[in-house]
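One structure is given here, and the rest of the page talks about it.
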Amino acid sequence: MEKVVLYRFPAGCNAKDDLLSYLRSMLDEVCGKIAEKFAVYDRAGRPRKAFILDVLTRYTCPCCAVKALTQMRRPEVDSIFKECHNLAVTLLIQALRNMSKSCFAVDGEFSCEYGRLDVLVRRLNGGLLQVQAGGKELIVEVKTNMGVSMKQALRYLMEKPEATAIVWRVRKRQILVIDGKKHRALIAIYIAAALQQGLTVLNGDFTPCNHNLMAEPFELKNPQSFLDDFLTCLTDGLPKIVDMVLEALLISPQSLGMGAGEITPP
Ligand SMILES: [Zn+2]
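Here the numbering used here runs 219 ahead of the position in the sequence shown, where the first position is 1.
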């Protein structure tokens with residue numbers, strides 16, 4: 220296979236705007252080539268870009284990245300995490316819809332080019348969705364376990380660099396905000412890192428490794444205490460995350476006719 224050369228920044232490239240779209244188009248191309256080389260397509264015959272980007276940014280070892288691309292096996296996750304995650308997403312979506320008073324639209328399980336997002340909130344203008352981006356929409360990613368993954372947040376900001384991504388770590392009682400406008404440079408570096416790994420994988424510029432790709436399946440030692448803790452943190456955290464979403468959208472709770480953190484019964 221012909222060697223893919225390292226991407227070059229075009230002359231006169233405006234670092235603020237052009238660079239991101241240039242890097243994105245390079246990433247698209249590299250993902251397309253990786254899909255072709257390793258036959259990574261979905262049922263509709265489209266390159267599985269979200270999966271490819273996930274692999275490229277998950278493994279720093281290129282050989283492991285190739286193993287992941289060709290094996291397609293994922294470590295099993297205890298379904299209690301999935302169930303708790305879905306519960307938190309559902310409660311958050313309905314709490315936000317309850318407060319929206321036609322001020323904003325709330326969608327769940329929203330597909331973007333590089334993956335699926337938990338919650339998407341968009342400001343409405345007089346009942347109409349505002350077409351232009353720019354601080355008018357945000358996403359919330361819900362984390363059930365103690366880990367924190369910023370990948371979905373970064374993938375979303377790649378597409379919408381003017382928007383905000385919020386990561387809700389339910390059990391840590393933490394709400395973290397990534398403002399795309401503040402971190403444009405990081406988003407560019409993130410895409411560049413994926414590109415670097417993508418080119419290494421495409422060109423086969425690496426030696427075989429002995430890493431064991433399959434992590435041991437994670438066993439919950441005490442599901443009862445996990446569940447008790449999760450449900451308590453969920454109840455406490457819900458009004459806080461709702462407040463945070465309104466704040467990020469520059470909507471005052473008073474303008475919706477309620478005090479901060481208050482969720483009106485349906
Ligand atoms: Zn490896």
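From the three backbone atoms N, C-alpha and C, an ideal C-beta is built for every residue, glycine too.
Considering only C-alpha positions, which residue in the set the options is nearest to residue i?
| i | options | result |
| --- | --- | --- |
| Ala-372 | Val-338, Val-249, Lys-459 and Gln-393 | Val-338 |
| Ser-368 | Pro-442, Thr-276, Asn-344 and Gly-417 | Thr-276 |
| Arg-342 | Cys-322, Pro-442 and Gly-334 | Cys-322 |
| Arg-243 | Leu-357, Glu-378, Pro-472 and Glu-356 | Glu-378 |
| Arg-316 | Gln-473, Gly-423 and Leu-465 | Leu-465 |
| Ala-324 | Glu-332, Arg-335 and Leu-311 | Leu-311 |
| Leu-469 | Gly-264, Gln-416, Ile-271 and Lys-355 | Lys-355 |
| Ser-444 | Ile-299, Asp-237, Ile-271 and Gln-290 | Ile-299 |
| Cys-331 | Tyr-375, Pro-458, Asp-424 and Gln-313 | Tyr-375 |
| Lys-256 | Gln-415, Ile-408 and Asn-422 | Asn-422 |
| Ala-254 | Asp-237, Met-245 and Leu-288 | Leu-288 |
| Arg-335 | Gly-264, Asn-344, Ser-471 and Phe-270 | Phe-270 |
| Leu-414 | Tyr-241, Met-245 and Asp-237 | Met-245 |
| Ala-314 | Ala-411, Val-340 and Val-461 | Val-461 |
| Tyr-278 | Pro-442, Pro-472, Ser-471 and Gly-417 | Gly-417 |
| Gln-473 | Met-318, Asp-237 and Gly-264 | Met-318 |
| Gln-393 | Ala-263, Val-359 and Tyr-333 | Val-359 |
Within its chain, find whatever has a CB closer than 8 Å to the CB of residue i; leave out the 5 residues flanking it on each side and keep chain order.
| i | result |
| --- | --- |
| Lys-320 | Leu-475 and Gly-476 |
| Asp-247 | Lys-268 |
| Asp-261 | Arg-267 |
| Pro-380 | Leu-239, Gly-399, Lys-400, Arg-403 and Ile-406 |
Would you say residue i touches ligand 1, meaning its beta carbon is less than 7 Å from a heavy atom?
| i | result |
| --- | --- |
| Glu-430 | A small fix is needed here, since residue 430 is His in this sequence, not Glu. Within the cutoff, so yes. |
| Cys-322 | no |
| Cys-282 | yes |
Within its chain, find whatever has a CB closer than 6 Å to the CB of residue i; leave out the 5 residues flanking it on each side and keep chain order.
| i | result |
| --- | --- |
| Asp-297 | Leu-439 |
| Met-220 | Unreliable positioning characterises Met-220 in this predicted model, as indicated by a pLDDT of 46, which lies under 50. The coordinate reading is nonetheless provided below. If we look at Met-220 and ignore the five residues flanking it on each side, it has no Cβ neighbours. |
| Cys-250 | Pro-266, Lys-268 and Ile-271 |
| Ala-352 | Low per-residue confidence applies at Ala-352: pLDDT is 42, beneath 50, and the placement is therefore not dependable enough to give any value. |
| Phe-329 | Leu-336 and Leu-339 |
| Pro-427 | Cys-282 |
| Tyr-333 | Lys-268, Ala-269, Leu-272 and Arg-374 |
| Leu-432 | Cys-283 and Lys-286 |
Can you find the residues in the same chain that come closer than 7 Å, C-beta to C-beta, to residue i, ignoring five residues on each side of it along the sequence?
| i | result |
| --- | --- |
| Val-308 | Gly-327, Asp-337, Val-338 and Val-361 |
| Val-285 | Val-420 |
| Val-389 | Ala-307, Val-361, Lys-362, Thr-363, Phe-449, Cys-452, Leu-453 and Gly-456 |
| Asp-398 | Thr-383 |
| Asp-273 | Lys-370 |
| His-430 | Cys-280 and Cys-283 |
| Ala-467 | Leu-357, Thr-383, Ile-385 and Val-396 |
| Pro-442 | Ile-299 |
| Ile-410 | Leu-242, Arg-243, Leu-246 and Met-377 |
| Val-259 | Ile-253, Pro-266, Arg-267, Phe-270, Ile-271 and Leu-288 |
Using DSSP bridges, identify the partner residues of residue i.
| i | result |
| --- | --- |
| Glu-360 | Val-386 |
| Asp-398 | Thr-383 |
| Gln-336 | Contrary to the premise, residue 336 reads as Leu rather than Gln in this sequence. BP columns for Leu-336 point to Phe-329. |
| Tyr-260 | Pro-266 |
| Arg-194 | Nothing about residue 194 can be read from this structure; the chain reaches only from 220 to 485. |
- prompt: Are the segment 453-467 and the segment 298-316 touching by the rule of at least three beta carbon pairs closer than 8 Å?
  reply: Contact holds: three or more Cβ-Cβ distances are below 8 Å.
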